[in-house]
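Chemist: Quick note on numbering: the working numbering labels position 89 of the sequence shown as 1409, and the sequence is numbered without any gaps.
Don't be surprised by glycine CBs; every beta carbon is placed ideally from N, CA and C.
On a predicted model such as this, the values are computed, not experimentally measured, just so you know.
Structure below; questions to follow.
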Amino acid sequence: MYLCRIMVSVNHLSIHFTGVDLFSDVSFIVNPRDRVGLVGKNGAGKSTLLKILANQLAPETGQISWPGDYTLGYLPQEMVPNGDKNIIDEAMIAFEETLKWGRKAEEIGLELAHREDFNSDSYLRLIEDLHEAQERFDMTGGSTLRAETEKVLLGLGFEHSDFNRAMTEFSSGWQMRVELAKILLKRPDLLLLDEPTNHLDIVSITWLEEWIESYPGALVLVSHDRAFLDNVTNRTIEIMNARIYDYKAGYSDYVLLREEQISVQMAAMENQQRQIAQIERFVERFRYKSTKSRQVQSRIKMLEKMDTIDVDVIDQSSIYFKFPQAPHAGKVIFDAEKISKSYGKLQVLKNLNFKIINSDKIAFVGRNGEGKTTLSRILTGELDFIGKITPGHKIQMGYFAQNQAAMLNGEITVFQTLDEIAVGEVRPKIRAILGSFLFGGDAIDKKVKVLSGGEKTRLALAKLLLTPYNVLVLDEPTNHLDMLSKDILKSALLEFNGTLIIVSHDRDFLQGLTNRVFEFRNQQIYEHIGDVYDFLESRKLSSLKDLETAALNTAQAKNEALPTDNQLYREKKKGIDRDRRKISQQIEEIENRIASAESSLEQMDNSIANPDNAVLHTAQFYKKYDEDRKTLDRYLHEWEELHSRLDALDNSIL
1321 MYLCRIMVSV NHLSIHFTGV DLFSDVSFIV NPRDRVGLVG KNGAGKSTLL KILANQLAPE
1381 TGQISWPGDY TLGYLPQEMV PNGDKNIIDE AMIAFEETLK WGRKAEEIGL ELAHREDFNS
1441 DSYLRLIEDL HEAQERFDMT GGSTLRAETE KVLLGLGFEH SDFNRAMTEF SSGWQMRVEL
1501 AKILLKRPDL LLLDEPTNHL DIVSITWLEE WIESYPGALV LVSHDRAFLD NVTNRTIEIM
1561 NARIYDYKAG YSDYVLLREE QISVQMAAME NQQRQIAQIE RFVERFRYKS TKSRQVQSRI
1621 KMLEKMDTID VDVIDQSSIY FKFPQAPHAG KVIFDAEKIS KSYGKLQVLK NLNFKIINSD
1681 KIAFVGRNGE GKTTLSRILT GELDFIGKIT PGHKIQMGYF AQNQAAMLNG EITVFQTLDE
1741 IAVGEVRPKI RAILGSFLFG GDAIDKKVKV LSGGEKTRLA LAKLLLTPYN VLVLDEPTNH
1801 LDMLSKDILK SALLEFNGTL IIVSHDRDFL QGLTNRVFEF RNQQIYEHIG DVYDFLESRK
1861 LSSLKDLETA ALNTAQAKNE ALPTDNQLYR EKKKGIDRDR RKISQQIEEI ENRIASAESS
1921 LEQMDNSIAN PDNAVLHTAQ FYKKYDEDRK TLDRYLHEWE ELHSRLDALD NSIL
């Protein structure tokens, strides 16, 4: 049951680890229906704050106040599910209290069936107990529990055939989905989710977004998925430098508001500094003149009372790199015929036929367990298979596995990790490469085993820079990366001129990054032209048609009403409006890149026109000029394509 009056109050909270403040005198309130996104760099304290809100960790100072009868649901980032039931029974533990009344009613019913003392007091008491148990079972929705449980499990990616399978048959990621289902089914007053999309695929994430939209309780969410945050939150709390910055806006709007606030602070500080300098000059000039002593003292007191305006310092440290120029390769990278793969009796891929062309940028998407990682490993030669793959001419392939960070040797140092595989002219650049991935100073001498998950991911990515590749296969490379680092990785991949195959469920990261999408479903792959949002739009329209067909069948069987044209129109328009916002944001980003590229070329053009600079015009200078010109042409082409897609969206709603 929801308590619309719920209000969680965090007052003067402080906590520190290893002598460093994680939070210092932090206060905020979670109001009814709030959708709060907790953001910040890795290690900022987001998960710690969720644990405090979930009563699993006590702050050193401060307190948290909440109504005494509120309910709480908490999904940690990592846990070890220990359920020994089948999927449906484990999920229905969420209704344990209601199920108790159902079991009690069944027990009383069995006892009554064997009684014949119909007029005795004990028999009449059993009748009353049965009536109470049945009434409580019905009042708490007992008759619809299984249907509701199945609906949530299906939304999170399970099939009907999975319901009676044991929890132990599933991977930890799928077991985490059951834990999430149990929390959602309880429908608590306050929902605390720590990186819930880590174990979900794109289709399940979009379902979860729709579920949250209709959820009437309050939500506090930790996520590095920008698209997910934008779609479900209406408030953002950033944790940085032991403080919080609280805005009533989704993440992308928050970033803009934060930048505006910094600009206002900068202007106010500069104005104050000018005012202080002016006052100090007056004091210095007239300090020893008795006729001005009163004015001097007045200004000195003014300076003493003045509150200094500070500008919030934003931690902008992030990885920075570019992939080496891709070596030349043939036109066809992979030509696959009748590819099949089974694990024992479980068939994952069946008779796949496809071609991957040079410079293709392909996203592998689909439910977990459908074969995305399997095909990635087949293409990189790590798995045997049935069928034939003809590799292209002069392929040099780099592979980032989903568990790449865990595969690092924990007993050697950060520097040794790169040093033991670096050869040739790249060896002197190892320290510079590590520095660009935030391993500077003494950090290069750390043992790999003491690194955080994010640091291990950065180190694994750094290894990809040691060799020029013309094919990159990346399986969930953004896991554990903060948003700024993900943006840098995406920029580097946009500049990469080779072939890219990427497995990811992060829609914002994939947006504009690929030109083809391979959807993995029912042992097959289905190709979609465009990026991830083109794919989602096509799937959504397909789902609407399926919904309409299902409603028609139901109406014919039960004489129920069909969805109206207006309902379908609103649903379609809602999706188009969301896609339109995404494309408009992408247009703004590409226009900024175009402006930057044009400015750089203009400077080079001016340099070429100046004969005094002739000595600076080396072969390297003209090579860069040619590369920058090609980059600008590509940006302009992307800009045109984005506007064409925007026009197509506008026309589709007419």
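Mind checking histidine 1957: buried by the 16 CB within 10 Å criterion, or exposed?
Modeler: What you label residue 1957 is simply residue 637 of the sequence shown in a count that begins at 1. Exposed, because fewer than 16 other Cβ atoms sit within 10 Å of the Cβ of histidine 1957.
Chemist: Please return the same chain residues whose Cβ sits closer than 7 Å to the Cβ of phenylalanine 1705, not counting the five positions on each side in sequence.
Modeler: Within the sequence shown, residue 1705 is the residue found at index 385, counting from 1. These residues qualify, in order along the chain: Ile1659, Ser1660, Lys1661 and Ile1698.
Chemist: From the DSSP output, in three-state form, read off serine 1543 for me.
Modeler: For the purposes of this step, residue 1543 is taken as the residue at position 223 of the sequence shown. In this structure, serine 1543 counts as coil in the three-state DSSP scheme.
Chemist: List the whole-angstrom C-beta distance separating glutamate 1380 from serine 1334, where the pair is believed to meet the contact cut-off of C-beta under 8 Å.
Modeler: On the sequence shown, residue 1380 is found 60 positions in, with the first residue counted as 1. On the sequence shown, residue 1334 is found 14 positions in, with the first residue counted as 1. Indeed they touch by this definition, with Cβ atoms about 6 Å apart.
Chemist: Measuring alpha carbon to alpha carbon, tell me which residue in Trp1421, Arg1355, Asp1441 and Glu1515 is nearest asparagine 1799.
Modeler: The residue labelled residue 1799 in the question sits at position 479 within the sequence shown. Nearest of Trp1421, Arg1355, Asp1441 and Glu1515 to asparagine 1799, Cα basis: Glu1515.
Chemist: Can methionine 1560 and glycine 1360 be called in contact, C-beta distance under 8 Å?
Modeler: Counted from its first residue, the sequence shown places residue 1560 at position 240. Counted from its first residue, the sequence shown places residue 1360 at position 40. It is a contact, given that the beta carbons lie within the stated cut-off.
Chemist: Comparing C-alpha positions only, which one of Asn1835, Leu1450 and Pro1748 sits nearest to alanine 1425?
Modeler: As a first step, residue 1425 must be located in the sequence shown, where it is residue number 105. Nearest C-alpha to alanine 1425: Leu1450.
Chemist: Within the chosen definition, does the segment 1512 to 1532 reach the segment 1380 to 1397 through at least 3 CB pairs nearer than 8 Å?
Modeler: Touching, yes, given that three or more Cβ pairs across the two stretches are closer than 8 Å.
Chemist: With three or more C-beta pairs closer than 8 Å as the rule, is the segment 1776 to 1791 touching the segment 1523 to 1531?
Modeler: At 8 Å Cβ cutoff, the stretches do not touch.
Chemist: Just checking my contact of leucine 1754 with isoleucine 1764 at CB under 8 Å: how many whole Å lie between their CB atoms?
Modeler: Walking along the sequence shown from the start, residue 1754 turns up at place 434. Walking along the sequence shown from the start, residue 1764 turns up at place 444. That pair is a contact at about 5 Å.
Chemist: Who are the Cβ neighbours of alanine 1501 in its own chain at under 6 Å, not counting the five residues just before and after it?
Modeler: Numbered from 1 along the sequence shown, position 181 holds the residue referred to as residue 1501. Counting only Cβ-Cβ distances below 6 Å, and skipping sequence neighbours, we find Ala1411, Val1472, Leu1473 and Leu1476.
Chemist: In angstroms, rounded to a whole number, what distance separates the CA positions of isoleucine 1907 and serine 1811?
Modeler: Numbered from 1 along the sequence shown, position 587 holds the residue referred to as residue 1907. Numbered from 1 along the sequence shown, position 491 holds the residue referred to as residue 1811. Their Cα atoms are separated by approximately 15 Å.
Chemist: Label phenylalanine 1438 either buried or exposed according to how many other C-beta atoms from any shown protein chain fall within 10 Å of its C-beta, with 16 as the threshold for buried.
Modeler: The count along the sequence shown starts at 1 and reaches residue 1438 at position 118. Exposed, by the Cβ-count rule.
Chemist: From aspartate 1967 to aspartate 1953, what does the alpha carbon distance come to, in whole angstroms?
Modeler: For the purposes of this step, residue 1967 is identified with residue 647 of the sequence shown, where counting begins at 1. For the purposes of this step, residue 1953 is identified with residue 633 of the sequence shown, where counting begins at 1. When rounded, the distance between both Cα atoms is 21 Å.
Chemist: For threonine 1464, which of helix, strand or coil comes out of DSSP?
Modeler: Taking the sequence shown and counting its residues from 1, the one referred to as residue 1464 is at position 144. If DSSP states are grouped into helix, strand and coil, threonine 1464 belongs with the helices.
Chemist: Just the Cα atoms here: how many angstroms apart are glycine 1686 and arginine 1841?
Modeler: Within the sequence shown, residue 1686 is the residue found at index 366, counting from 1. Within the sequence shown, residue 1841 is the residue found at index 521, counting from 1. In a straight line, the C-alpha of glycine 1686 is about 7 Å away from that of arginine 1841.
Chemist: Just mark methionine 1717 as buried or exposed, buried being the case when its beta carbon has 16 or more other beta carbons within 10 Å.
Modeler: Translated into the one-based positions of the sequence shown, residue 1717 becomes position 397. The residue in question, methionine 1717, is buried, as its Cβ has 16 or more Cβ neighbours within 10 Å.
Chemist: I'd like to check one pair, threonine 1556 with glycine 1570: are the Cβ atoms closer than 8 Å?
Modeler: For this step, residue 1570 is matched to residue 250 along the sequence shown. For this step, residue 1556 is matched to residue 236 along the sequence shown. Closer than 8 Å, so yes.
Chemist: Taking DSSP's pairing of strands, which residues face phenylalanine 1602 in a bridge?
Modeler: Position 282 of the sequence shown, counted from the start, is the residue given in the question as residue 1602. For phenylalanine 1602, which the question treats as bridged, DSSP gives no partner whatsoever.
Chemist: For leucine 1539, which residues in the same chain have their Cβ closer than 6 Å to its Cβ, ignoring the five residues on either side in sequence?
Modeler: Within the sequence shown, numbered from 1, the residue matching residue 1539 stands at position 219. Same-chain partners within the cutoff: Arg1355 and Leu1511.
Chemist: Valine 1793 and threonine 1700 look like a contact to me (Cβ under 8 Å); what is the Cβ gap, rounded to whole Å?
Modeler: For the purposes of this step, residue 1793 is identified with residue 473 of the sequence shown, where counting begins at 1. For the purposes of this step, residue 1700 is identified with residue 380 of the sequence shown, where counting begins at 1. About 6 Å separates the two Cβ atoms, so the contact holds.
Chemist: Where does phenylalanine 1483 fall in DSSP's three states?
Modeler: If you number the sequence shown from 1, residue 1483 lands on position 163. In this structure, phenylalanine 1483 counts as coil in the three-state DSSP scheme.
Chemist: Consult DSSP for glutamine 1376 and reduce its assignment to one of helix, strand or coil.
Modeler: What you label residue 1376 is simply residue 56 of the sequence shown in a count that begins at 1. Here glutamine 1376 sits in coil by DSSP.
Chemist: I need the straight-line Cα distance from arginine 1913 to asparagine 1484, nearest angstrom please.
Modeler: Looking up residue 1913 in the sequence shown gives position 593. Looking up residue 1484 in the sequence shown gives position 164. Spanning the two alpha carbons is a distance of roughly 53 Å.
Chemist: Would the beta-carbon of glycine 1774 fall within 8 Å of that of aspartate 1795?
Modeler: In the sequence shown, counting from the first residue as 1, residue 1774 sits at position 454. In the sequence shown, counting from the first residue as 1, residue 1795 sits at position 475. Contact: no.
Chemist: Over the uninterrupted alpha helix (DSSP H) stretch that includes isoleucine 1750, give me the two end residues.
Modeler: In the sequence shown, residue 1750 corresponds to position 430, counting from 1. Counting along the chain, the alpha helix (DSSP H) containing isoleucine 1750 begins and ends at 1750 to 1756.
Chemist: If contact is defined by three or more beta carbon pairs under 8 Å, each pair taking one atom from either stretch, is the segment 1812 to 1820 in contact with the segment 1676 to 1685?
Modeler: Result yes; three or more Cβ-Cβ pairs closer than 8 Å.
Chemist: Assuming arginine 1654 contacts glycine 1712 under a Cβ cut-off of 8 Å, what Cβ separation, rounded to an integer in Å, is found between them?
Modeler: As a working mapping, residue 1654 is identified with position 334 in the sequence shown. As a working mapping, residue 1712 is identified with position 392 in the sequence shown. The residue asked about is misnamed: residue 1654 is phenylalanine in this sequence, not arginine. With a Cβ gap of about 7 Å, phenylalanine 1654 and glycine 1712 count as contacting.
Chemist: For tyrosine 1789, which residues of its own chain have a beta-carbon under 7 Å away from its beta-carbon, when the five flanking residues on both sides are left out?
Modeler: Indexing the sequence shown from 1 puts residue 1789 at position 469. Hits under 7 Å: Ala1646, Gln1716, Met1717, Gly1718 and Gly1818.
Chemist: Tell me the DSSP bridge mates of lysine 1661?
Modeler: Your numbering for residue 1661 matches position 341 in the sequence shown. Leu1669, per the DSSP bridge assignment.
Chemist: For the segment 1704 to 1743, list the beta strand (DSSP E) runs that are entirely contained and at least 3 residues long, ordered along the chain.
Modeler: As far as the segment 1704 to 1743 is concerned, its whole beta strand (DSSP E) runs of at least 3 residues are 1706 to 1711 and 1717 to 1720.
Chemist: Go ahead and label methionine 1496 buried or exposed: buried means 16 or more other beta carbons lie within 10 angstroms of its beta carbon, across all protein chains shown.
Modeler: Walking along the sequence shown from the start, residue 1496 turns up at place 176. Buried.
Chemist: Tell me the rounded alpha-carbon separation between arginine 1594 and phenylalanine 1548.
Modeler: Here residue 1594 refers to the residue found at position 274 when the sequence shown is read from its first residue. Here residue 1548 refers to the residue found at position 228 when the sequence shown is read from its first residue. One C-alpha to the other measures close to 44 Å.
Chemist: Under 8 Å between the Cβ atoms of serine 1824 and alanine 1721?
Modeler: Reading the sequence shown from its first residue, position 504 is the one you call residue 1824. Reading the sequence shown from its first residue, position 401 is the one you call residue 1721. It is not a contact, given that the beta carbons lie outside the stated cut-off.
Chemist: When DSSP labels each residue in this structure, what does phenylalanine 1548 get in the three-state scheme?
Modeler: Counting from one through the sequence shown, the residue named residue 1548 turns up at place 228. Looking at phenylalanine 1548 - three-state DSSP - the assignment turns out to be helix.
Chemist: For glutamine 1383, collect the residues of the same chain with a Cβ closer than 6 Å to its Cβ; drop the 5 residues on either side in sequence, then sort them by chain order.
Modeler: Residue 1383 sits at position 63 when you count from the first residue of the sequence shown. Excluding residues within five positions, the ones whose Cβ falls inside 6 Å are Asn1331.
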